[in-house]
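**Student:** Please read through the structure below; I'll follow up with questions.
2 protein chains.
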Amino acid sequence: VTEKLFTPGPVEIPARVLRALAQRPPHHRSETFRNLFADVSKRLDRLFGTSGRVVVLAASGTGGMEAAVASFVGRDEPTIAAVAGKFGDRWTKILAAYGHRPRVVRAELGAAVDPPSWAAALDAEPAGVAFLTHSETSTGTLFDLRALAQAARARGALVVADVVTSLAVHPLRQDDDAVDVAVAGSQKGLMLPPGLALVGLGPRALERLERGGRTSPAFYLDLKRAADRAADADTPFTPAVSLILALHESMSMIEEIGVEEVWRRHARFAEAIRSGAQSSGFTLFSKSPANSVTALVPPSGVEAGAVVKHLRSRHGMVLAGGQDELKGKIVRVGHMGLAYEPQDAVAVCGALEDAAMTLGATVVAGRAGETARKTLESAA
Amino acid sequence: VTEKLFTPGPVEIPARVLRALAQRPPHHRSETFRNLFADVSKRLDRLFGTSGRVVVLAASGTGGMEAAVASFVGRDEPTIAAVAGKFGDRWTKILAAYGHRPRVVRAELGAAVDPPSWAAALDAEPAGVAFLTHSETSTGTLFDLRALAQAARARGALVVADVVTSLAVHPLRQDDDAVDVAVAGSQKGLMLPPGLALVGLGPRALERLERGGRTSPAFYLDLKRAADRAADADTPFTPAVSLILALHESMSMIEEIGVEEVWRRHARFAEAIRSGAQSSGFTLFSKSPANSVTALVPPSGVEAGAVVKHLRSRHGMVLAGGQDELKGKIVRVGHMGLAYEPQDAVAVCGALEDAAMTLGATVVAGRAGETARKTLESAA
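Protein chains in written order, with our numbering: chain A, 1 to 380; chain B, 1001 to 1380.
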């Protein structure tokens, strides 16, 4: 059975991208590769909406997050983080590994940190660097990135945001959104296998790197070094050439459709999943649901783990459960990238309904898929 | 024109490996992937010849080198490095980025650090961690890894070696060679695109990680974290799944031929290149030539850069020049991996001869290729 991934990343990879991955890669110092990389870099600048520069590291998204911490936080510089889940917590863990003790503005799981509390915390005590998460993958929650970023920047902080599951999913433009450093990974909206971290550096971030003053050791993850070479569309260390060939292809897919339409497409798909799943007794875990990942609480009496198992064994659909304290409590449906068709939303909702029924919940047969279909039609 | 890479890495990738790369990758938390990764891990343990554990990072080889520095060197712990080229220097640069000041035992470019000088330096002042390079890619020079490692271990140091261009090229068995930490990359003898760092951790290295005591900040590059998860054939962060599928395939290729035969194959190919090139007026730059990369000084009056250009434009063969102070002085022919046939050695030598002739050197036409062919025949 061929399984289809509806996971919160890695996501299903389009055939075009897989074909690009299988090319004999050119040498990374050849003109062919330099031209391709220069082109990818220009497209990434547009996608991130930055007048600065996007650097590409051979690393997972976490490597990109650590690069931001190592490259931007000075010794004893006060830091602050907005946290409401595993990936917000990852900022605090990386900061702790570097000897920093960030203040944490926390919201409960499934909620987003609200801008007034965040601004109040920044007013109470200023921070040099503020850490945000745009889409919290562990709970399927969207933060109001622009409001939080503007509040932090207005109070003098450099703004660093995890946009791993929001880039090419939710509207994002670093310049307009007051985000100085945006960290993304390859295996989400960019539809690649894992292995690349992308770090968008806005003008304030570049200026700060230029000024220096960072005191943490960094070499491979040193963004100053990477930014200097990126100015010539180059990398300080051997780049992951094949993944960059694939990135060139996935950027083409996004640009052919147009990034605004890519955002709308994700919004429609997510709305279909939400409406369909709710019509068969699932409830939304998040109070501010993201369009990247939908976190669902199963109907009462139905175990989340059993739903995940059922969809996999009976329907060939790979979903994810909850992590850490959400283990066994939620089901997460990932829907990032362009390998999904509207029909997939209908199919996933039908399968969720089938799982609920099979596992003992009372549902009206056929309603989930129909609701999803109607939602898609009314959005079209 | 399709060009063939004879570069010191990335190397030419076999078609089988490219096909593996283009598979729809399984989710990294699926049983399919876990089983595959467990199998790859076991094979890597054999390839490194370690009774410890090999960890796989999504990073370039330099990321693996930094992981070793960040994870093993304690604050104010004395370090020492054997340096005779760019990659030996990389150890000292990474150490410096982490605030360490390694003592350097240096040999001139093209030579290897000799074990007696190394032992004398260690006798003069002990070191907690010793850094070595097995095959120095910038000069095509092989170090006597075992002698250097044994000398360092006998004097109490933890031994860390860059085996980036020696793994699956030169005989190497961590346990027998007294190497506690061996760092490799994917785009050399393993015939993959760049993007994976592999770190072989011997029993003494694992014990040291267990004991703790390291003081540098590290998160993504923390080998303790990676080793703990590797014990269950898992990774702390999303692995570069596609590259690991390709690694599974390249490990199969190596095991089908047998690693000893892979070593011999590299030795024969390199010997053919050396004899053929020398017979048309090139001289060997290295006093201790490695079988991974051959560094050649062109006949007098012939510019190295012009040779590289000639081979590329007239013969479709991509070679490398020298780096840094060796720029313009040498030509480097890379011959790692299994995508090269004996006939390629003859062809490269013929092309080098053609370049020398075209660029004004006096050579006997046809001798280079014939010499290479005879060398291959006598070795067969």
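Glycine is no exception: its CB is placed at the ideal position from the N, C-alpha and C atoms.
In this text, all values refer to a predicted model and were calculated from it rather than measured experimentally.
1. Could you name the residues of chain A that L1018/B contacts, counting a contact when the two beta carbons are closer than 7 Å?
2. Near G1305/B, which residues of its chain fall below 7 Å by C-beta distance, leaving aside the five closest residues on each side in sequence?
3. For chain A, check one thing: does any of its Cβ atoms lie closer than 8 Å to the Cβ of S1216/B?
4. If you measure from the beta carbon of Y1340/B to each beta carbon in chain A, is any gap under 8 Å?
5. Residue range of the beta strand (DSSP E) that R1332/B falls in?
6. What does the alpha-carbon distance come out to for the pair R1214/B and A1197/B?
7. Please classify F131/A: does DSSP put it in a helix, a strand, or coil?
8. Does the stretch 349-369 of chain A touch the stretch 1296-1304 of chain B, meaning 3 or more C-beta pairs lie closer than 8 Å?
9. Spell out whether any CB of chain B is found under 8 Å from the CB atom of L243/A.
10. From F1033/B to P1026/B, what does the alpha carbon distance come to, in whole angstroms?
11. Rounded to whole angstroms, what's the CA-CA distance from M1317/B to C349/A? Just pull it up for me.
12. Excluding five sequence neighbours on each side, which residues of the same chain lie with their C-beta closer than 8 Å to the C-beta of Q23/A?
13. Indicate whether R1103/B and A1121/B have their beta-carbon atoms separated by less than 8 Å.
14. Of all the CB atoms in chain A, is at least one closer than 8 Å to the CB of L1005/B?
15. Using a C-beta to C-beta distance shorter than 8 Å, which residues of chain A count as neighbours of I1013/B?
16. Report the CB separation of I1330/B from A1295/B in whole angstroms; it is logged as a contact under 8 Å.
17. Indicate whether S186/A and L247/A have their beta-carbon atoms separated by less than 8 Å.
18. Go ahead and label A1068/B buried or exposed: buried means 16 or more other beta carbons lie within 10 angstroms of its beta carbon, across all protein chains shown.
19. Going along the chain, which residues of its own chain have a beta-carbon closer than 7 Å to the beta-carbon of A1119/B, five neighbours each way excluded?
20. For the stretch 1313-1332 of chain B, which residues have a CB atom closer than 7 Å to at least one CB atom of chain A, in sequence order?
21. So who's on the other strand from M1317/B, going by DSSP bridges?
22. Let's test the definition: count the other Cβ atoms within 10 Å of the Cβ of R75/A and tell me whether it reaches 16, buried, or not, exposed.
23. Taking a cut of 9 Å between CB atoms, which residues from the stretch 1035-1062 of chain B lie near chain A?
24. Compare the C-alpha of P1236/B against each of G1189/B, L1057/B, L1158/B and A1270/B and name the closest.
25. Relative to the C-alpha of V183/A, which candidate in W91/A, P116/A and A97/A has its C-alpha closest?
26. For the beta strand (DSSP E) that R1053/B lies in, which residues bound it at each end?
27. Please tell me whether H248/A has its Cβ less than 8 Å away from any Cβ of chain B.
28. Does V105/A come out as helix, strand or coil in the three-state DSSP assignment?
29. Quick one: is D177/A buried, meaning 16 or more other Cβ sit within 10 Å of its Cβ, or exposed?
30. According to DSSP, simplified to helix, strand and coil, what is A1416/B?
31. Note down, in chain order, every chain A residue with its Cβ under 7 Å from the Cβ of E1066/B.
32. Compile a chain-ordered list of the residues in the stretch 1092-1105 of chain B whose CB is closer than 8 Å to at least one CB of chain A.
33. Between Q1187/B and chain A, is the shortest Cβ-Cβ distance under 8 Å, so that the two count as touching?
34. Please compile the residues from chain B whose C-beta is within a distance smaller than 7 Å of the C-beta of A240/A.
35. In chain order, what residues of the stretch 265-294 of chain A put their CB closer than 8 Å to some CB of chain B?
36. What residues in its chain sit with their C-beta under 6 Å from that of H1266/B, if we drop five residues either side in the sequence?
**Tutor:** Taking the definition as stated:
1. Result: A22 and R24.
2. Contacts found: G1321 and G1328.
3. Answer yes: the Cβ-Cβ gap between S1216/B and chain A drops below 8 Å somewhere.
4. With 8 Å as the cut-off, Y1340/B does not count as an interface residue toward chain A.
5. Note, R1332/B: beta strand (DSSP E), V1331 to G1334.
6. Note on geometry: alpha-carbon atoms of R1214/B and A1197/B lie some 21 Å from one another.
7. It is a strand residue.
8. Segments in contact, no.
9. Nearest CB-CB separation between L243/A and chain B: below the 8 Å threshold.
10. Looking at the two C-alpha atoms, the distance is approximately 6 Å.
11. In this structure, the CA atom of M1317/B is about 54 Å from the CA atom of C349/A.
12. The residues are S242 and L245.
13. Against a cut-off of 8 Å, the Cβ pair of A1121/B and R1103/B comes out as a contact.
14. By this cut-off, L1005/B is an interface position.
15. Within chain A, the residues near I1013/B are R24 and P25.
16. I1330/B to A1295/B, Cβ: 5 Å. Contact.
17. Yes, the Cβ-Cβ distance between S186/A and L247/A is below 8 Å.
18. Flag for A1068/B reads buried.
19. Only A1151 meet the Cβ criterion.
20. Going along the stretch 1313-1332 of chain B in chain order, one finds V1318 with a Cβ nearer than 7 Å to chain A.
21. Paired residues: K1004/B.
22. With fewer than 16 Cβ atoms within 10 Å of its Cβ, R75/A is classed as exposed.
23. Within the stretch 1035-1062 of chain B, the residues whose Cβ lies closer than 9 Å to some Cβ of chain A are L1057, A1058, A1059, S1060, G1061 and T1062, listed in chain order.
24. Nearest C-alpha to P1236/B among G1189/B, L1057/B, L1158/B and A1270/B: L1057/B.
25. For the residues W91/A, P116/A and A97/A, the minimum Cα distance to V183/A belongs to W91/A.
26. Residues R1053 to A1058.
27. Output row for H248/A: interface = no.
28. Strand at V105/A.
29. Classification of D177/A: buried, given that the 10 Å Cβ count is 16 or more.
30. The question about residue 1416/B has no answer here: the residues shown for chain B are numbered 1001 through 1380.
31. Here the neighbours are F219 and Y220.
32. Only K1093, I1094, A1097, Y1098 and G1099 from the stretch 1092-1105 of chain B bring a Cβ to less than 8 Å from some Cβ of chain A.
33. Judged by the 8 Å Cβ criterion, Q1187/B is in contact with chain A.
34. Chain B residues near A240/A: P1193, P1194 and G1195.
35. Residues passing the 8 Å Cβ filter: none.
36. The answer, listed in chain order, is V1169 and N1291.
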